[in-house]
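**Student:**
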Amino acid sequence: MGFNKIILILYLRNTSDLLVSLSTQLIKTNYNSIPCFINPWEYDRQYIFNNQWICQRYSEIFGKENLIVRLFDKNEFYQGDLLKDFIHTIGLKWDGRFVIPSKQNESLDLIGIEFCKALNIKNNNYNFVELYDKYFTSKCLFLKFKPPKKIMQSYLDYFEKSNEWVRKEFFPFKERLFQKQDLSNYKENYKLKEMKSEYWDKIAEFILDVVKTKDKIIEGKDIIIQSKIMQFNQIQTKLFFQVKYGTAKSRIQNQLSYKLGQTMIVNSKSFLGYLIMPIALLSTVVSYRQYQKIYQEKIKKDFSLKLPSLKQYPDYQEAIKLKNHISYKLGEALIKAHKNWYGGGGYIKFLFEIYKLRKK
Numbered sequence: 000m001g002f003n004k005i006i007l008i009l010y011l012r013n014t015s016d017l018l019v020s021l022s023t024q025l026i027k028t029n030y031n032s033i034p035c036f037i038n039p040w041e042y043d044r045q046y047i048f049n050n051q052w053i054c055q056r057y058s059e060i061f062g063k064e065n066l067i068v069r070l071f072d073k074n075e076f077y078q079g080d081l082l083k084d085f086i087h088t089i090g091l092k093w094d095g096r097f098v099i100p101s102k103q104n105e106s107l108d109l110i111g112i113e114f115c116k117a118l119n120i121k122n123n124n125y126n127f128v129e130l131y132d133k134y135f136t137s138k139c140l141f142l143k144f145k146p147p148k149k150i151m152q153s154y155l156d157y158f159e160k161s162n163e164w165v166r167k168e169f170f171p172f173k174e175r176l177f178q179k180q181d182l183s184n185y186k187e188n189y190k191l192k193e194m195k196s197e198y199w200d201k202i203a204e205f206i207l208d209v210v211k212t213k214d215k216i217i218e219g220k221d222i223i224i225q226s227k228i229m230q231f232n233q234i235q236t237k238l239f240f241q242v243k244y245g246t247a248k249s250r251i252q253n254q255l256s257y258k259l260g261q262t263m264i265v266n267s268k269s270f271l272g273y274l275i276m277p278i279a280l281l282s283t284v285v286s287y288r289q290y291q292k293i294y295q296e297k298i299k300k301d302f303s304l305k306l307p308s309l310k311q312y313p314d315y316q317e318a319i320k321l322k323n324h325i326s327y328k329l330g331e332a333l334i335k336a337h338k339n340w341y342g343g344g345g346y347i348k349f350l351f352e353i354y355k356l357r358k359k
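Residue numbers for the sequence shown follow numbering that gives the first Met the number 0, beginning at 0 and rising by one.
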C-alpha cells in the first residue's frame, strides 16, 4: 500500500461530555436508543463509553506501541486547540494557511431536542441535521441540555474502572484520567418547561428554511428530470434515424475502399489466399457495383429512400475514424493504383504504399 507502519491517534472524551454529545447527535439522526435516558448497563452501544475496551481493541489490531492516546480536553490540547494538538502530535509544524473547518456536530439545545424528537416521530424520510445545527444549538444556560442526574451519575460510576485502567496504562503520571465530577450541585435540565416567544421565532425560521430547502430539492429534481427527458428524446431520435438510414459506420464499411482493404487483409493470411486474391477483389468490385445499381434504381422510383450525407449521421465523428484504418487505406491505395495502371507506375506506387502502411 506504500507504507508499512500505521500510527493511530486516539482522542478520549470524559464520560459526562460524551453522554451529552452522543445523545443529542443520536436524537438528530433519529436513532432509536438514546443513552441519556437509559442505564449504561442496558445501553446497546455502551462500548462507546468504555475507554479501556476501545484502547485494548485498537492495541490488538495495531499494536500498543503504535497507539497514541490523547485526552479530548481543551486544557490538554497543545496551545488549547484540537487541530494544533493533532498537528503537534504527528510531528508537523503548524501552517497559518491551514483551512480551519467550521464547527460541526454541535450539541442540541432543549428546543432542538424537543422539536427534533417530535419531528422524527412524524417524518423519517428527511435529514435536517444541518438545519438543527443552524437553529437549535443555543449557548443559553436555560436551554442547555443536561441529562437526568441519576443517569449521569450512573455513567460516571459505571465507567470509572475503565478510565482508571487507561490512566495506569497511558497516563501513569496523572492522579486521575479526567477531573473528578461532583454532582451535588448538578441541575438536570432535559425537559423544556416553558415556550418563550423567541423560541417560536426560531421554530418559524427553521420551518421557513425547510420549505426553501424543499423547493431547491424539487427544483433540482425537475432539472434532472428535464435533462433525462432530453437525453431520452436524443436517444429516441438517434434510434429512429439508425432504423431508417443505418449508421455512418456501416456506410463507410460498405464503401469500396474499405471492402477492398478488408478483402486484401483476409486473403493475405494464407498462401492460398494470395493465389485467389485477384478473384476475391474482382468479386468484391462486382458485388459493390451491383449494390450501387440496385440503390440507384430504388431512389429513382422513390427519392425519399436517398440516404442523407454522412455528416448528418449521429455517429459521424466516430465513424469517420474508420477512414484512418488500414482496411480503408489499403483499399483507397488500390483504387488509386488501378486508375493509374498504364505503364505499371500506379501499381509500383501501390507496393510502396503497402510498405508504408505496414510500418505504421
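Ideal placement from N, C-alpha and C gives every residue a C-beta, glycine not left out. Just so we're clear, the structure is a prediction, and the values are computed from it rather than from any experiment.
Let me check one thing: in DSSP terms, what residues is I67 bridge-paired to?
**Tutor:** The residue given as residue 67 occupies position 68 in the sequence shown. Paired residue(s): I8.
**Student:** Hey, how far is the Cα of S161 from the Cα of D80?
**Tutor:** Within the sequence shown, the letter at position 162 stands for residue 161. Within the sequence shown, the letter at position 81 stands for residue 80. For S161 and D80, the distance between alpha carbons rounds to 26 angstroms.
**Student:** Residues in its own chain within less than 8 angstroms of V19 by CB, not counting five upstream and five downstream?
**Tutor:** Walking along the sequence shown from the start, residue 19 turns up at place 20. Answer for V19: C35, S106, F144, K145, P146, listed in chain order.
**Student:** Looking only at DSSP bridge pairs, what is K145 linked to?
**Tutor:** Mapped onto the sequence shown, residue 145 falls at position 146. Paired residues: N188.
**Student:** Between K186, L207, K92, F172, which lies nearest to Y77 when the distance is taken from Cα to Cα?
**Tutor:** The residue labelled residue 77 in the question sits at position 78 within the sequence shown. Here the closest residue by C-alpha is K92.
**Student:** Between S15 and the rest of its own chain, which residues show a CB-CB distance below 8 angstroms, the 5 nearest in sequence each way excluded?
**Tutor:** In the sequence shown, residue 15 corresponds to position 16, counting from 1. Here the set comprises M151, Y154, L155, Q180.
**Student:** Report yes or no: do three or more beta-carbon pairs, one from the segment 128 to 135 and one from the segment 203 to 220, lie closer than 8 angstroms?
**Tutor:** Result yes; three or more Cβ-Cβ pairs closer than 8 angstroms.
**Student:** Using the Cβ count rule (16 or more neighbours within 10 Å means buried), how would you classify R96?
**Tutor:** Here residue 96 is taken as the residue at index 97 of the sequence shown, counted from 1. Its Cβ having fewer than 16 others within 10 Å, R96 is exposed.
**Student:** Helix, strand or coil: which one does DSSP assign to H337?
**Tutor:** Here residue 337 refers to the residue found at position 338 of the sequence shown. Helix.
**Student:** Is P100 helix, strand or coil when you go by DSSP?
**Tutor:** Here residue 100 refers to the residue found at position 101 of the sequence shown. Here P100 sits in coil by DSSP.
**Student:** Starting from the Cα of L333, find the closest Cα among D314, M276, P100, Q295 and give me that residue.
**Tutor:** What you label residue 333 is simply residue 334 of the sequence shown in a count that begins at 1. The option with the nearest alpha carbon to L333 is M276.
**Student:** Under 8 angstroms between the Cβ atoms of I264 and K322?
**Tutor:** Translated into positions along the sequence shown, residue 264 becomes position 265. Translated into positions along the sequence shown, residue 322 becomes position 323. Taking 8 angstroms as the Cβ cut-off, I264 and K322 do not qualify as a contacting pair.
**Student:** Assign A247 to buried or exposed, taking buried as 16 or more other Cβ atoms, counted over all protein chains shown, within 10 Å of its Cβ.
**Tutor:** Locating residue 247 in the sequence shown gives position 248, where the first residue counts as 1. So A247 ends up on the buried side.
**Student:** With a CB to CB cut of under 7 angstroms and the five nearest residues on each side skipped, what residues in its chain are close to V209?
**Tutor:** Position 210 of the sequence shown, counting from 1, holds the residue named residue 209. So the qualifying residues of the chain are F127, L130.
**Student:** How about I26 and F61: are their beta carbons less than 8 angstroms apart?
**Tutor:** Position 27 of the sequence shown, counting from 1, holds the residue named residue 26. Position 62 of the sequence shown, counting from 1, holds the residue named residue 61. Contact: no.
**Student:** Would S22 be called buried (16 or more neighbouring beta carbons within 10 Å of its own) or exposed?
**Tutor:** For this step, residue 22 is matched to residue 23 along the sequence shown. So S22 ends up on the buried side.
**Student:** When you compare each of Y42, L9, I110 to D200 by their alpha carbons, which one comes out closest?
**Tutor:** In the sequence shown, residue 200 corresponds to position 201, counting from 1. That would be I110, whose Cα lies nearest to the Cα of D200.
**Student:** Could you pull the start and end residues of the alpha helix (DSSP H) that I293 belongs to?
**Tutor:** Here residue 293 is taken as the residue at index 294 of the sequence shown, counted from 1. Where I293 is concerned, the enclosing alpha helix (DSSP H) stretches over 270 to 300.
**Student:** Between D108 and L142, is the Cβ-Cβ spacing less than 8 angstroms?
**Tutor:** Counting from 1 along the sequence shown, the entry for residue 108 is found at position 109. Counting from 1 along the sequence shown, the entry for residue 142 is found at position 143. Closer than 8 angstroms, so yes.
**Student:** By how many angstroms is the C-alpha of Q235 removed from the C-alpha of S308?
**Tutor:** Within the sequence shown, numbered from 1, the residue matching residue 308 stands at position 309. Within the sequence shown, numbered from 1, the residue matching residue 235 stands at position 236. Roughly 20 angstroms between the two C-alpha positions.
**Student:** Of all the CB atoms in chain B, is at least one closer than 8 angstroms to the CB of Y294?
**Tutor:** This model lacks chain B altogether, as it is built from one protein chain only.
**Student:** Only counting the same chain, and skipping five residues up and downstream in sequence, which positions put a Cβ closer than 8 angstroms to that of L7?
**Tutor:** The residue given as residue 7 occupies position 8 in the sequence shown. These residues qualify, in order along the chain: Y57, F61, N65, L66, I67.
**Student:** Got a sec: does the ligand SAM put a non-hydrogen atom nearer than 7 angstroms to the Cβ of L155?
**Tutor:** Ligands in the displayed structure: none, and consequently the ligand SAM is not present.
**Student:** Tell me the DSSP secondary structure of G343 in three-state form.
**Tutor:** Looking up residue 343 in the sequence shown gives position 344. Note that G343 scores 48 on pLDDT, short of 50, meaning its location in the model is unreliable; the coordinates nonetheless yield the value given after this. The answer is helix: DSSP assigns G343 an H, G or I state.
**Student:** In the DSSP assignment, find the alpha helix (DSSP H) that holds E59 and state where it starts and stops.
**Tutor:** On the sequence shown, residue 59 is found 60 positions in, with the first residue counted as 1. Where E59 is concerned, the enclosing alpha helix (DSSP H) stretches over 50 to 61.
**Student:** Once DSSP output is grouped into helix, strand and coil, what is the label at R365?
**Tutor:** Examination of residue 365 is not possible in this model, given that the chain is present from 0 through 359 alone.
**Student:** Sorted by chain position, which residues of the same chain lie with C-beta nearer than 6 angstroms to L46's C-beta, five sequence neighbours on each side aside?
**Tutor:** Here residue 46 refers to the residue found at position 47 when the sequence shown is read from its first residue. Reading off the sequence, residue 46 comes out as Tyr, not Leu. Correct list, in chain order: W52.
**Student:** Do you know offhand how far Y312's Cα is from Q254's?
**Tutor:** In the sequence shown, residue 312 corresponds to position 313, counting from 1. In the sequence shown, residue 254 corresponds to position 255, counting from 1. Distance between the alpha carbons of Y312 and Q254: 16 angstroms.
**Student:** Give the single residue among L306, F169, Q230, Y10 whose Cα lies nearest to the Cα of V242.
**Tutor:** Position 243 of the sequence shown, counting from 1, holds the residue named residue 242. Considering only alpha carbons, the answer is L306.
**Student:** Cβ of L182 within 8 angstroms of Cβ of K211?
**Tutor:** As a working mapping, residue 182 is identified with position 183 in the sequence shown. As a working mapping, residue 211 is identified with position 212 in the sequence shown. No, Cβ-Cβ distance for L182 and K211 is not below 8 angstroms.
**Student:** Can you give the Cα-Cα distance for K138 and K73, rounded to whole angstroms?
**Tutor:** Taking the first residue of the sequence shown as 1, we reach residue 138 at position 139. Taking the first residue of the sequence shown as 1, we reach residue 73 at position 74. Those two C-alpha atoms are separated by around 18 angstroms.
**Student:** How long is the line joining the alpha carbons of K233 and I224, rounded to whole angstroms?
**Tutor:** One-based indexing of the sequence shown puts residue 233 at position 234. One-based indexing of the sequence shown puts residue 224 at position 225. This sequence places Gln at residue 233; Lys is not what is there. Going by the C-alpha atoms only, they are around 14 angstroms apart.
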